[in-house]
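Quick notes on the structure that follows.
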Amino acid sequence: MGLTGIQILAKLPKKNCKECGYPTCMAFAMKVAAGQAEITACPYVDPKVVEEIAEATAPPIRTVKLGVGDTVYCLGGDTVLFRHEKRFESPPLIGTVISSAMGAGEIDRRIDLYKRLSWDRVGILLRPDVVMIEEANAPLVKRIRDALPWCALILKGNKTNLEECAKICGDFKPLIYASKNEVESLFEFAKQKAIPLVISGDSLDEVISLSEKAQSAGLKNLVLDPGSKGVRELFEDLLIIRRSAIKAKFKPLGFPVITFPYSYTEDYLLETTLASLLIPRYASIIILSDLRAGALFNLLVERLNIYTDPQKPLVVEEGIYPVNGPDELSPVAITCNFALTYFLVNGEIEGSRVPTWFLIKDTDGLSVLTAWAAGKFGADSIADFVKKSSITEKIKHKKLIIPGLLAGIKGELEEELPDWEIIVGPREASGLPAFLRQLQEKIKAEAA
Ligand code: SF4
1 MGLTGIQILA KLPKKNCKEC GYPTCMAFAM KVAAGQAEIT ACPYVDPKVV EEIAEATAPP
61 IRTVKLGVGD TVYCLGGDTV LFRHEKRFES PPLIGTVISS AMGAGEIDRR IDLYKRLSWD
121 RVGILLRPDV VMIEEANAPL VKRIRDALPW CALILKGNKT NLEECAKICG DFKPLIYASK
181 NEVESLFEFA KQKAIPLVIS GDSLDEVISL SEKAQSAGLK NLVLDPGSKG VRELFEDLLI
241 IRRSAIKAKF KPLGFPVITF PYSYTEDYLL ETTLASLLIP RYASIIILSD LRAGALFNLL
301 VERLNIYTDP QKPLVVEEGI YPVNGPDELS PVAITCNFAL TYFLVNGEIE GSRVPTWFLI
361 KDTDGLSVLT AWAAGKFGAD SIADFVKKSS ITEKIKHKKL IIPGLLAGIK GELEEELPDW
421 EIIVGPREAS GLPAFLRQLQ EKIKAEAA
């Protein structure tokens with residue numbers, strides 16, 4: 001059971017010294033109870049009380065951390081069953097397997113894929129972020145750590161090798177995956193080094209039993225592999241784990257879950273379809289049989305969309321975005337900073353292959369018409385933005401495409417920007433490619 005703010009306040013020294021960053025102990029206690037502040041922010045609380053409060057306020061799905069410093073990945077930390085109740089906390093890590101049993105060429109190919117497959121999406125870098133090293137040995141772990149420093153590591157193999165490999169990682173925390181027969185012999189090592197362990201079994205009952213043993217041994221950082229035999233069982237197990245942890249506060253299942261969609265099919269399309277279903281269905285790690293650009297990109301975009309806060313609009317930073325390598329004779333288009341609008345319009349511009357300057361105006365994440373109605377995307381504010389931006393230094397023409405939905409402000413905008421020709425774009429983003437091609441030809445013809 002969690003503690004209330006008043007119960008936490010009773011355990012605080014009540015100095016009201018503000019060192020925690022809050023004006024009073026009461027304010028701090030309320031934030032800790034709401035999970036918005038760490039009890040460790042107060043330097044005067046007894047360590048035993050810190051542990052007691054941290055335990056009582058921990059989320060029902062425990063947060064497990066991999067990596068170190070700037071490369072820390074959190075797994076779990078969730079408190080809800082459904083995304084509309086509160087956001088899902090930690091995006092699942094997505095990657096593939098590299099095994100010492102693979103030939104040198106295949107290992108090179110996979111490392112190269114990790115380096116090449118990355119995409120910038122709304123200023124966020126999308127790329128595979130975990131490697132599972134099978135039959136792990138020290139030289140391979142060292143090589144992958146050096147080659148892919150941003151990746152979380154899962155080390156799978158026998159006990160002796162795993163201990164050696166974990167030591168090579170130094171302060172960087174890998175996830176250790178030993179067989180269910182050997183994992184108990186790693187409890188002490190994992191506890192000493194504070195390294196997370198995978199708890200696996202042939203059934204959920206076996207996983208629960210092993211998880212209870214691990215917790216009795218003092219281990220708190222666990223990841224579960226329910227060992228589900230079929231697709232239906234996998235999704236049932238994921239639901240049982242999440243419901244048991246959140247609704248029944250059943251601690252043996254209150255941990256993140258690792259999944260292997262490739263173990264249910266040899267068809268890569270089906271495998272990645274399963275992976276796409278696992279993203280919203282509580283998987284914390286998704287290991288694929290291989291990395292292929294098309295499937296991986298879609299999974300990463302889906303993850304980005306699911307793991308946002310549904311109560312906050314997803315926004316794009318205001319600015320000038322060059323698309324397809326524009327130059328001084330490239331068209332200029334403007335829209336709002338609602339991320340969905342940006343994704344759609346940017347996708348169509350990219351697909352058109354027409355070099356374009358894409359202006360994004362800050363509208364507090366509101367869509368075109370909503371922003372216009374709220375006074376955030378009217379002629380005056382668009383004109384101010386265009387004047388303050390440095391777009392005129394990048395182009396030789398003065399033609400500005402506005403969204404088709406804003407056709408009604410064309411005249412007003414022409415008054416605000418008298419040097420510019422205001423062009424009303426298509427109402428649907430799908431009309432942009434043909435529209436841009438025509439406009440590009442016109443700009444070039446006029447400049448010739
Ligand atoms: Fe109270 Fe501790 Fe915060 Fe000081 S640092 S105000 S004692 S909670």
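Under this note's numbering, the sequence shown has 220 at position 220, and the numbering climbs by one with no breaks.
Heads up, the beta-carbon is just placed ideally off N, CA and C, and yes, glycines get one too.
Quantities reported herein were computed from a predicted structural model and do not represent experimental measurements.
Remark: the shortest separation between the CB of residue 336 and any heavy atom of ligand 1 does not fall under 7 Å.
Residue 300 carries a helical assignment under DSSP once its states are collapsed to helix, strand and coil. Under the DSSP assignment, residue 342 falls in the alpha helix (DSSP H) whose first and last residues are 339 to 352. Residue 59: not part of any alpha helix (DSSP H); DSSP gives it neither H nor E. The Cβ atoms of residue 363 and residue 376 lie closer than 8 Å to each other. Between residue 337 and residue 301 a beta carbon distance of about 18 Å is seen, past the 8 Å cut, so the two are scored as non-contacting. Residue 155 sits close to residue 166, with the two beta carbons spaced by under 8 Å.
Judged by beta-carbon spacing, residue 153 lies beyond the 8 Å limit of residue 124, meaning their Cβ atoms are not closer than that value. A straight-line Cα-Cα distance of about 5 Å links residue 93 and residue 285. Rounded to the nearest whole angstrom, the C-alpha separation of residue 15 and residue 197 is 40 Å. Residue 382 is a Cβ neighbour of residue 413, given a cutoff of 8 Å. By the beta-carbon neighbour count (other beta carbons within 10 angstroms, threshold 16), residue 416 is buried. In terms of CA proximity to residue 89, 77 leads the group 96, 100, 77. Between the segment 346 to 361 and the segment 325 to 337, the count of C-beta pairs closer than 8 Å reaches three or more; the two stretches touch.
Between ligand 1 and residue 52, a heavy atom-to-CB distance of less than 7 Å is absent.
Within the same chain, Cβ atoms closer than 6 Å to the Cβ of residue 439 are found at 331, the five residues on either side in sequence being excluded.
Secondary-structure assignment with DSSP links residue 333 through a beta bridge to 358, 401.
For residue 156, the enclosing beta strand (DSSP E) has its first and last residue at 152 to 156. Secondary structure of residue 316 (DSSP, three-state): coil. Between residue 245 and residue 60, the CB-CB gap stays under 8 Å. Contact check between the segment 363 to 373 and the segment 394 to 409: three or more CB pairs, one atom from each, fall below 8 Å, which counts as touching. Judged by DSSP in its simplified three-state form, residue 197 adopts strand. Under the DSSP assignment, residue 119 falls in the beta strand (DSSP E) whose first and last residues are 119 to 121. In the three-state reduction of the DSSP assignment, residue 228 falls in the coil class, being assigned neither a helical nor a strand state. Inclusion of residue 386 and residue 405 in the CB contact set at 8 Å is not warranted, their separation being larger than that value. With fewer than 16 other beta carbons inside 10 angstroms of its own, residue 21 counts as exposed. Counting along the chain, residue 26 sits inside the alpha helix (DSSP H) bounded by residues 25 to 33.
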